[in-house]
Every structure is written in structure tokens, then in C-alpha cells.
Amino acid sequence: MASKAAALADRKRVLRVLIVESDVDDVRRVRDLLAAKGDFVMHAARTIDEAQALLDDGMFDVALVDSAIWTSEGSALARHLRERRNDVAVVLLTNGDNEREALPALKLGAHDFISKAHMEEGGQLVLRIEGAYDENRSLRRRDTMVRWLEREARTDHLTGLYNRHAFDERLREACQQARDARRPVTVVMVDLCGTRIVNDVHGHDVGDDMIRRAALAIARCIRGGDTAARIGGDDFGIIIPDGDIALGRLIARRIAQEVERLNTNEWFDQVPVTLTFGVATGVSCEPSELFAAADQQLNDYKSVRPMISVLRRHEESNGPFVA
1 MASKAAALAD RKRVLRVLIV ESDVDDVRRV RDLLAAKGDF VMHAARTIDE AQALLDDGMF
61 DVALVDSAIW TSEGSALARH LRERRNDVAV VLLTNGDNER EALPALKLGA HDFISKAHME
121 EGGQLVLRIE GAYDENRSLR RRDTMVRWLE REARTDHLTG LYNRHAFDER LREACQQARD
181 ARRPVTVVMV DLCGTRIVND VHGHDVGDDM IRRAALAIAR CIRGGDTAAR IGGDDFGIII
241 PDGDIALGRL IARRIAQEVE RLNTNEWFDQ VPVTLTFGVA TGVSCEPSEL FAAADQQLND
301 YKSVRPMISV LRRHEESNGP FVA
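Here this note's numbering is used: the first residue of the sequence shown is 1, the next is one more, and so on.
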């Protein structure tokens, strides 16, 4: 009952309507009909360019568009609304009441249609406007929820970085793009040292805090197009598209220097963060090969001492190399 009452109250809001119609008499008739019903603020446009300018400058809830404009020259208007103003519902004004005639226009993204000959019957125009507005709002809420769920499914909730699933997906995409463009892609593996001992001595809350702080340093040091993910308990992975081995090592050094700075300053009274790195680059290699090369280098060196791993460069035919 409460939700129904809230929906009813919300429907009483003033709706902002843009009329896109070249016929002055039709514009006047629509204005008169809506003015008689109240709760509407109306603007009119006679051309596509004028409509787009008003949409960009103003706030509208519903666009009433002549179906001839929408289907002929109006494909540009349809695209404009989809790409830049998908918050605006669209109701077509048709000359006939045959749904088959309106189908091509509906396929372009309109939410409903009403025949000009029947607008005045039983307040149909108002009902169609309100129905289109409610439908569009529901669709946008659903899309927002879907996007939120997709983001949740790809996010590591402890650090806010991507999770292993998202990392693997991005790595496949990056390797395919590198293969197609004959450009390198680099993976940096990062291991946070000492978390097991910290968990045993200080508790898991302190260990989790170390992981969050390491993630913060990593996120600060990568480029906008790079991908950073928590891929295990205290392991991180970074994908650097179109980046060679030198760039991978540079980003690893940048992270190490940022961690050292934070350990000395903001984190001086907390358990210090220490990282080990493995770096691998490839062009025509499989994601699993590139991942394994970086991970192997990481494993080879993290048992010796935390450092940026530096090996003699070793190249394999069409495969990853490390340095």
C-alpha cells in the first residue's frame, strides 16, 4: 500500500515535455490539451537541430515526436536521445492508429505512440505520457541495478580493485588485442610479504589492513588504462596494455617507491608493507603463458628477498619474456 501511494504521489509531479512537431496547429493542440490537464511544463521544437539544442540545454522527462520526423530524418534524433539523453521517454504522434505503422518507429527506441486523431479521447495523451515516463524510469532503474550487480561481481570487496574473474577476463582481451596489433602487453605480479605472520601475531584485521594499504599504493601508481586486481589472498596482478618490459619495471619501481614513502610517513606507526614483483611481457602469447611467466619470476625471487626482480633477459619464440 505504501509503495502504491508513493508511486501515485510521484506521478503527480510536474512533467517537463518537449514537443517535436513541424505542424504549428498540432503543436498548439497538444499545448492546449496538456495545459487543460495541468502538471506539465511544455517546450516546442519544429526541427531536429532545434530539438537537439533544447535537449542539451534543458531538463525534460518526455519527448512527444511526430512519427514522420522520428522515422525519416529523425534517426539522428533517436540516436541523440539514446546516447545523450536516455533519461527522456519518447511518445510518437502518429497520423494513424495502426500499431504496425508505428512499429519501425518503436524499434528506434520510442516507448509508446498515440494517434493524433484520438488524442482527446479520455485523456489518452496524458495517460501515454505518464505511462512512457514510468516505463522509462523503471527501465533505467533496472539497467542501473544490472550495472551495479555486474560491478559487484567483478570487484574485490576488501580492496576495491578488480577480482580474479575480472583480471582473467581483461587479460584475455589484452592478449588478443596485442596479438591483433602486434603490440606488447605486460603483466606485473605483486606479492605482499609477511601476511601469514602478521595474521598469526596481530590478527586478521591487521593483515586485512596491510592488504588494503598495498592495494592503495598499487592503484595510485598505475595508468588510467591499466588494470589492477587482487587475484589471491595477498597477491595482486597488473595488466599493462601496449606496454613493454621497461614500462612494466618502471611501474613496479614506482609502486615500490610509493610504498617506501608511505611506510616512512603516513604508515609510520603501522606494520610496514613489503612487496615483491614479477614482470613479464609478450606479444603473440596466450594469457596463461604470460601469467605463468610473471608468476614464476615472482616465485623465484620472493623467497630470496623483497625486491623488483631483475633477470637476464630471456626471449622465447612468440612467447612471453621476463626481465
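Built from N, CA and C at the ideal position, the CB exists for glycine as well.
This structure is a prediction, so every number in the text was calculated from the model and none was measured.
The region 213-231 makes contact with the region 257-266, as at least three CB pairs between them are under 8 Å. Beta-bridge partners assigned by DSSP to G278: M189. A contact is defined here as three or more CB-CB pairs under 8 Å, and the region 51-58 fails this definition with respect to the region 23-39. Straight-line measurement puts the Cα of Q297 at about 20 Å from the Cα of R172. Between the C-alpha atoms of T144 and G248 there is a straight-line separation of about 35 Å. Residue pairing of D143 in beta bridges, as defined by DSSP: absent, with no partner found. About 7 Å separates the CB atoms of E135 and A89; that is less than 8 Å, so the two are in contact.
Fully contained in the region 25-81 are the following alpha helix (DSSP H) runs of length 4 or more, in chain order: 48-57 and 67-71. L192 sits away from V279, with the two beta carbons spaced by 8 Å or more.
Take the alpha-carbon of T186 and the one of D168: they are about 14 Å apart. In terms of Cβ geometry, D235 and V190 form a close pair [threshold 8 Å]. According to the DSSP assignment, T227 belongs to no alpha helix (DSSP H) but to the beta strand (DSSP E) extending over T227 to R230. In the DSSP annotation of this structure, the continuous segment of the alpha helix (DSSP H) that includes A217 starts and ends at H204 to C221. Distance between L15 and V62, taken at the CA atoms: about 7 Å. Sequence-distant Cβ neighbours of N163 in its own chain, meaning closer than 7 Å and more than five residues away, are R154, T155, D156, A229 and R230.
The beta-carbon distance between A53 and L77, rounded to whole angstroms, is 12 Å. This is too long to meet the 8 Å contact definition. By DSSP's assignment, P241 forms a beta bridge with V185. With distances taken between CA atoms, D87 lies nearest to L18 out of L18, S288 and D244. In the structure shown, the three-state DSSP call for S288 is helix. Rounded to the nearest whole angstrom, the CA to CA distance from I251 to I222 is 7 Å. DSSP places T155 in the strand class (E or B) of the three-state scheme. In this structure, I240 is the residue among T264, I240 and T276 with its C-alpha nearest to the C-alpha of L290. DSSP, reduced to helix, strand and coil, places R85 outside both helices and strands of the structure shown, so it counts as coil.
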